[in-house]
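J.: My structure is below; once you've seen it, I'll send some questions.
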Amino acid sequence: MIGTFWALVPAIVAIALALWTKEVYSSLFIGIVIGGLFYAIETAAGFPGFFNHIFKDGMIAQLSDSWNVGIIVFLVVLGIMVALMNKAGGSAAFGRWAKKHIKTKAGAQIATIVLGIFIFIDDYFNCLTVGSVMRPMTDKYGLSKEKLSYLIDSTAAPVCIIAPISSWAAAVAGFVSEGENGFTLFCKAIPFNFYAFFTILMMFAMVFMKFEYGEMSKYEKALEVMNNDSDEVEDGANANGRVIDLILPIIVLIVMCILGMIYTGGFFTKFNVLEDGTTEANANFLNIISSFSDSDASVGLVLGSFAALIITIIFYVCRKVLSFKSSMLCVPDGFKAMVPAILILTLAWTLKAMTDSLGAKEYVAGLVEGSAAGLKMMLPAIIFVVACFLAFATGTSWGTFGILIPICIAIFAPGNPLRIISISACMAGAVCGDHCSPISDTTIMASAGAQCEHVKHVSTQLPYAITVAVVSFLTYIVAGITQGIGLVASAIISWIFGAAVLLGFLIFMKKKVTK
């Protein structure tokens, strides 16, 4: 079973059960059990080995991982900040302000998309921040939580993967072999990241065309007669809260998280201390790009969010909108709000550990290398599909990068246009699979940010994500065929083709839906 298609079965079963039963916790756990059972059978470990692999090697190991712990702490701190902003009356005040300045439901959606694009530093940070800021306004105009979570999810990873200064750029650059500038390679690949760009194009198109299709239309229609135009304040919230009580903490959070990330990358460190006690000059000192490339996003986000939390509490106490005691009461409230997301993340991480132990990565890598020989022109489209499937089944974009980017680099020599296009296809496919997967941490946090039931978010988003995925697949075929005329010309032709196909499909769907 190890290193074969069976390695992907636990994830496939978990995803299928989640979509079928609409119950994500038990579905993920069943997938974990299947993975543990396969491993125990393959290694002849028996029942003791079965339980040991699930809990010690799986769940406990994942919760002991420093990166994962950092993400959980970051989630909790953001949950506390959201609780503070609500309690101080900042969210309600922003809703009142939005009602005066943003007059339409379309305007609320555009504002959400623009904010999501603006917060390009990190997808986790994006999901929870955009949700907490925009939820009061989208509630005012009757935008469903399902649609809000789609907008959040679609401006998280898709934006981060085309932003040179982001935790994702740093991750991709880190998977490039030594001796080659990973950051430069990432920047060259940006124009061919069709899934990311077409996802953003589709969001704007859907807003301006004013229609929905698939499961999303059901939830949007249900809210058309439930638009809440009242100015009610959340129970226990300060009625004297102002917009500044929401905006300032968010700005501080953004600034502190950026500072936290570049701090971990050595931006403020002039000299590095070596093991023998001597020092050497730090190349990342005051170099923001290199610092982002070498940053530890998990630690940086924890440092930044915790600093922002302290500043926010001091600000509210000085403004007298919240006492210190009331602020402390928000701590357990914020933690409780994030418990569902933390539980789903823990189960998703454990499921990933099961598929990793069964050799899922090696199996997929072998498939790609085996198909590379006689399909050079089609390889970008093939890599896109493989990356989609791998990220969907494992719930991780970054893991997909780690498997496929080195293969793309090995297949094509420097200077070959297909090298850049294939690396782009790998990144785009990883984001697409991550976007669609119920066990993806980004998808989970988008649900949490919008306070939407997780399975509803997945089921309503899938038709939209699949639409862009199909268009992107066709566009990568065009890019592979036209790469001989040069990267710039190939990118322009591919863009025109893909945008025309996507908009043509949406026009067709609108006519079909409105009949």
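To convert, note that position 215 of the sequence shown is 1195 in this note's numbering; the numbers rise steadily by one, no gaps. Even glycine gets a Cβ: it sits at the ideal position worked out from N, Cα and C. Computed from a prediction, not measured in an experiment: that's the story for all the values here.
(1) How should ALA1480 be labelled, buried or exposed, when 16 other C-beta atoms within 10 angstroms of its C-beta is the threshold for buried?
(2) Measuring only the C-alpha atoms, how far is VAL1110 from THR1455?
(3) Relative to the alpha-carbon of GLN1441, which residue among SER1427, CYS1167, VAL1451 and GLY1478 has its alpha-carbon at the smallest distance?
(4) Among SER1439, SER1402 and LEU1482, which one has its Cα closest to the Cα of LEU1165?
(5) Please report the straight-line C-alpha distance between ALA1288 and MET1183, rounded to a whole angstrom.
(6) Does DSSP put GLU1433 in a helix, a strand or coil?
(7) Roughly how far, in whole angstroms, is the beta-carbon of ASN1106 from the beta-carbon of ALA1078, given that I think they are within contact range, below 8 Å?
(8) For SER1439, collect the residues of the same chain with a Cβ closer than 7 Å to its Cβ; drop the 5 residues on either side in sequence, then sort them by chain order.
(9) CA-CA distance, VAL1311 and LEU1327?
(10) For SER1006, verify whether its CB is less than 7 Å away from any heavy atom of the ligand MG.
(11) Find out if the Cβ-Cβ distance for the pair ALA1371, GLY1409 is shorter than 8 Å.
(12) Determine the direct distance from the alpha carbon of GLY1460 to that of LEU1359, and round the result to whole angstroms.
(13) When we look at the beta-carbon of THR1092 and count the other beta-carbons within 10 Å, is it buried (16 or more) or exposed?
(14) Any idea if PRO1138 is buried or exposed, counting beta-carbon neighbours within 10 angstroms, 16 or more meaning buried?
(15) Note down the Cα distance separating ALA1261 from GLY1050, rounded to an integer number of angstroms.
(16) How would you write the range of the alpha helix (DSSP H) that ASN1106 sits in, first residue to last?
(17) Can you give the Cα-Cα distance for ASP1045 and VAL1282, rounded to whole angstroms?
(18) Checking 8 Å against the spacing of the C-beta atoms, do GLY1038 and ALA1445 come in under that value?
(19) Leaving out the 5 sequence neighbours to the left and right, which residues in its chain are closer than 6 Å to ALA1063 when beta-carbon positions are compared?
(20) Based on the DSSP secondary-structure assignment, which residues constitute the bridge partners of ALA1261?
(21) Where in the segment 1407 to 1476 do unbroken runs of the alpha helix (DSSP H), each at least 4 residues long, occur, reported from the N-terminal end onward?
T.: Let me spell this out:
(1) exposed
(2) Approximately 30 Å, taken between the alpha carbons.
(3) SER1427
(4) SER1402
(5) 31 Å
(6) coil
(7) Rounded, the Cβ-Cβ distance is 20 Å, inconsistent with contact.
(8) Cβ neighbours of SER1439 beyond the five flanking positions: LEU999 and GLU1195.
(9) 24 Å
(10) For the structure depicted, the ligand MG is absent and the ligand set is empty, with no information on it obtainable.
(11) Yes, Cβ-Cβ distance for ALA1371 and GLY1409 is below 8 Å.
(12) 8 Å
(13) buried
(14) buried
(15) 29 Å
(16) 1103 to 1120
(17) Taking the straight line joining both Cα atoms gives about 15 Å.
(18) no
(19) CYS1310, ASP1313 and GLY1314
(20) According to DSSP, which records beta bridges pairwise, ALA1261 is partnered with PHE1251.
(21) 1421 to 1430 and 1434 to 1462
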